[in-house]
Each structure stands twice: as C-alpha cells, then as structure tokens.
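In UniProt numbering, the protein residues as written are 1 to 298.
1. On the criterion of 16 or more Cβ atoms from any shown chain inside 10 Å, does residue 246 qualify as buried, or is it exposed?
2. Which residue comes first and which comes last in the beta strand (DSSP E) that contains residue 184?
3. In angstroms with no decimal places, state the Cα-to-Cα distance between residue 242 and residue 94.
4. Can you tell me whether residue 48 is buried or exposed, with buried defined as 16 or more other CB within 10 angstroms of its CB?
5. Could you pull out every unbroken alpha helix (DSSP H) segment of at least 4 residues lying fully inside the segment 188-269, listed in chain order?
6. Let me confirm a value: residue 35 is counted as buried when at least 16 other C-beta atoms fall within 10 Å, else exposed. Which label applies?
7. CB-CB under 8 Å to residue 290, same chain, minus the five flanking residues each way: which ones, in chain order?
8. Which of the three DSSP states, helix, strand or coil, is assigned to residue 125?
9. Take residue 273 and list the residues in its own chain whose beta-carbon comes closer than 6 Å to its own, dropping the five residues that flank it on each side.
10. Within its chain, find whatever has a CB closer than 6 Å to the CB of residue 10; leave out the 5 residues flanking it on each side and keep chain order.
11. Under a Cβ-count criterion, where at least 16 other Cβ atoms within 10 Å of its own Cβ denotes burial, should residue 26 be classed as buried or exposed?
12. Pull up the distance between the alpha-carbon of residue 281 and that of residue 188, whole angstroms please.
13. How long is the line joining the alpha carbons of residue 236 and residue 180, rounded to whole angstroms?
14. Is the beta carbon of residue 193 sitting closer than 9 Å to the one on residue 132?
15. Any idea if residue 12 is buried or exposed, counting beta-carbon neighbours within 10 angstroms, 16 or more meaning buried?
16. Whole angstroms is fine: what's the gap from residue 295's alpha carbon to residue 212's?
17. When you compare only the Cα positions, how much space is there between residue 123 and residue 153?
18. Within 10 angstroms of the Cβ of residue 173, are there 16 or more other Cβ atoms? Answer buried if so, exposed if not.
19. Which class does residue 289 belong to by DSSP, given the choice of helix, strand or coil?
20. Using only the alpha-carbon positions, how far apart do residue 224 and residue 166 sit?
21. Residue 277: buried (16+ other C-beta within 10 angstroms of its C-beta) or exposed?
22. Measuring CB to CB, does residue 103 end up less than 9 Å from residue 128?
23. Going by DSSP in three states, residue 50 sits in which element: helix, strand or coil?
24. Please identify the residue among 39, 234, 230 and 226 whose C-alpha is closest to the C-alpha of residue 248.
25. Please confirm if the segment 197-212 is in contact with the segment 256-270, defined as three or more CB-CB distances below 8 Å between the two stretches.
26. Using the DSSP secondary-structure output, state which residues sit across from residue 107 in a beta bridge.
27. So for residue 61, helix, strand or coil by DSSP?
28. Who are the Cβ neighbours of residue 113 in its own chain at under 7 Å, not counting the five residues just before and after it?
Now the structure itself:
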C-alpha cells in the first residue's frame, strides 16, 4: 500500500530530549492528524523504527508516513508548473480539467495527474489543494504536498491576493467597478448561485483592460477584457457578479453567456500573491492567458 510522507525533518541541534508528541505539536499538525499519526503512522528516527513513545534528541532525523485516506489512480498529464518547492506545487490548470475525481469521473483529473508527476519524480506526497477552480476555469491552483502544509495555510489564515482575467460580453464603460453583492445558492439548484440579500458577503473589484469586437459568420459581438480582484471566495463569484451586472462571461451559458465564440467561460486565474506559510517568503505568481481567450481579443 502506498504511503505518503507527512513529516520529514532534522530536529534542531540545540533541542533537548523531547517526547514525540511535543515535537509534532510544533509542526502545525492538526489534532486530527496527530491522532492518525499516533494510531496509524509509520515512524522512523535516524532510519530506525520508532513509536510514539520514542524520545527525540537534537540532530535526530524524524520521518512519519501515513497511508492515504483515499487513493486515486495515476494519469499521465502535461502539467504546466508555475512554482514548486518541498512544500507546495503551483499548477496553471488547463480548462476542462476537474480538480479531483468524482463519483462518475475517476481518471484524468488534476489529482490523478499530480500524483502521477509525484511518482515520476520520486516524491512521496499527496494531493491537498489549498483552493479550487471550476472545471472550465483555467489558471493558478496551489497544492500543498502534505496535510501539514495545508493545515499551516489554514492555521495562519493565509491571505491570498487573487486576480483573474475575464472576458465579458458587451462593452463596459472604462471606469473601475466595485461590486458588493451577497451570493447564495439558487433555490432548486445544487450548482447555480445568484445575488441575494440572504447570501454571504461577496466583494469583487473590476478594472477594464480593453474593449474588443469579435466576429462570427452571422453577427458582430463586443467583448470587454477585465481584470477581477477577489476580496472574498464565494462559489462562482465572478461569474455571478458580472452576470448580475448585465455583462456575462463569454461562453458562460449557465449565467447568460453564449457559446458562439468560446466553448467555456472566459475566466482565467492569472495572478496570486501570498506569504508562504512555511518559509514566510512573499510569492507573486503569474500564468499567461490561454489561447482560446486570447483569440477573442484579436
């Protein structure tokens, strides 16, 4: 059975003899994960089998592994890697790719592809997405390599500055727009959202980049290239807000857009910046707009 490395560290040389539990508590480990490590973990100290009661000394090499709670199959995938270190993997996800398997789709999701990449590069990690994108939204996805790193993002309340490129139908006036319209689940639907006073707060800032005209065999269509800065992370937030504004995303037929020019919603997670939860390094990451969206702006 495959195992994933949860902790792999050299204990600080100036650390006095400590219990395993004390060392683990210092590693941003959730209580649930500590319980799993204690009951199910494979533990070694200096490459020798150890238990939860083993005492740890300064300079010791501590490794803890767990069997994944859910295993996914491996699918070869051409990953566009934006950034990688020992803690996180940042991917420019292609449109049309699901984040992880569902009850009906088991293979060729991002999770399958990332796990295949780990195997090919001899990395013993799991798939822990820090945030998610819709299947047909392209762009930056941050994946924690272990549950420890994922928990560190949550524990430190990491703030992400997220900016999206979007192409809406119609000609927006060239002025900045701020939208503060709450969003909730639309009655009778498990997918669709809408603006409602009973919803959760949702804040989007929109900057107009350019106006363009697209041509089909039958008609002319105006498009506006906008940059959307998210201050909250509601499901379908940009899609719902621009639709409510009267300028739906090109290709977003769920919220009033049309498929004449592009076969998916014209939305791309282009930029993200944040403090790395493990190193505290400030990261600013970008992913180029994909070809199908660029074609609308020619």
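All C-beta atoms in this analysis are idealised placements derived from N, C-alpha and C, irrespective of residue type, glycine included. Only a predicted model underlies this, so the values are computations on that prediction, with no experimental measurement involved.
Walking through what the data contain:
1. The sequence position of residue 246 within the chain shown is 246, counting from 1. With fewer than 16 Cβ atoms within 10 Å of its Cβ, residue 246 is classed as exposed.
2. Residue numbering aside, residue 184 sits at position 184 when the chain shown is read from its first letter. Run containing residue 184: 183-185, per the beta strand (DSSP E) assignment.
3. As a working note, residue 242 is residue 242 in the chain shown. As a working note, residue 94 is residue 94 in the chain shown. Straight-line Cα distance between these residues: approximately 22 Å.
4. Position 48 of the chain shown, counted from the start, is the residue given in the question as residue 48. The residue in question, residue 48, is exposed, as its Cβ has fewer than 16 Cβ neighbours within 10 Å.
5. 237-245
6. Locating residue 35 in the chain shown gives position 35, counting from the first residue. It is exposed - the Cβ of residue 35 has fewer than 16 other Cβ atoms within 10 Å.
7. Along the chain shown, one-based indexing puts residue 290 at 290. Around residue 290: 94, 95, 138 and 268.
8. Within the chain shown, residue 125 is the residue found at index 125, counting from 1. DSSP places residue 125 in coil when its eight states are reduced to three.
9. Counting from 1 along the chain shown, the entry for residue 273 is found at position 273. Once the five neighbours on either side are set aside, the close Cβ partners of residue 273 are 161 and 284.
10. Locating residue 10 in the chain shown gives position 10, where the first residue counts as 1. Cβ neighbours of residue 10 beyond the five flanking positions: 61.
11. In the chain shown, counting from the first residue as 1, residue 26 sits at position 26. It counts as exposed.
12. Your numbering for residue 281 matches position 281 in the chain shown. Your numbering for residue 188 matches position 188 in the chain shown. Roughly 44 Å between the two C-alpha positions.
13. Mapped onto the chain shown, residue 236 falls at position 236. Mapped onto the chain shown, residue 180 falls at position 180. Distance between the alpha carbons of residue 236 and residue 180: 14 Å.
14. Position 193 of the chain shown, counted from the start, is the residue given in the question as residue 193. Position 132 of the chain shown, counted from the start, is the residue given in the question as residue 132. Cβ atoms of residue 193 and residue 132: not closer than 9 Å.
15. The residue you call residue 12 lines up with position 12 of the chain shown. With fewer than 16 Cβ atoms within 10 Å of its Cβ, residue 12 is classed as exposed.
16. Position 295 of the chain shown, counted from the start, is the residue given in the question as residue 295. Position 212 of the chain shown, counted from the start, is the residue given in the question as residue 212. Cα-Cα distance, rounded: 11 Å.
17. Looking up residue 123 in the chain shown gives position 123. Looking up residue 153 in the chain shown gives position 153. Approximately 21 Å, taken between the alpha carbons.
18. Residue mapping note: residue 173 aligns to position 173 of the chain shown, counting from 1. It counts as exposed.
19. In the chain shown, the residue the question calls residue 289 occupies position 289. Of the three classes helix, strand and coil, the one that applies to residue 289 here is coil, per DSSP.
20. Along the chain shown, read from residue 1 onward, the residue named residue 224 stands at position 224. Along the chain shown, read from residue 1 onward, the residue named residue 166 stands at position 166. Each residue's alpha carbon lies about 8 Å from the other.
21. As a position in the chain shown, residue 277 is number 277, starting the count at 1. Residue 277 should be labelled buried.
22. As a working mapping, residue 103 is identified with position 103 in the chain shown. As a working mapping, residue 128 is identified with position 128 in the chain shown. Contact: no.
23. Sequence index remark: in the chain shown, residue 50 carries index 50 (1-based). In this structure, residue 50 counts as strand in the three-state DSSP scheme.
24. What you label residue 248 is simply residue 248 of the chain shown in a count that begins at 1. Comparing Cα positions, the closest option is 226.
25. no
26. For the purposes of this step, residue 107 is taken as the residue at position 107 of the chain shown. Note: residue 107 sits in no beta bridge, so no partner.
27. To locate residue 61, count along the chain shown from 1; it is residue 61. Looking at residue 61 - three-state DSSP - the assignment turns out to be strand.
28. Position 113 of the chain shown holds residue 113. Counting only Cβ-Cβ distances below 7 Å, and skipping sequence neighbours, we find 75, 77 and 79.
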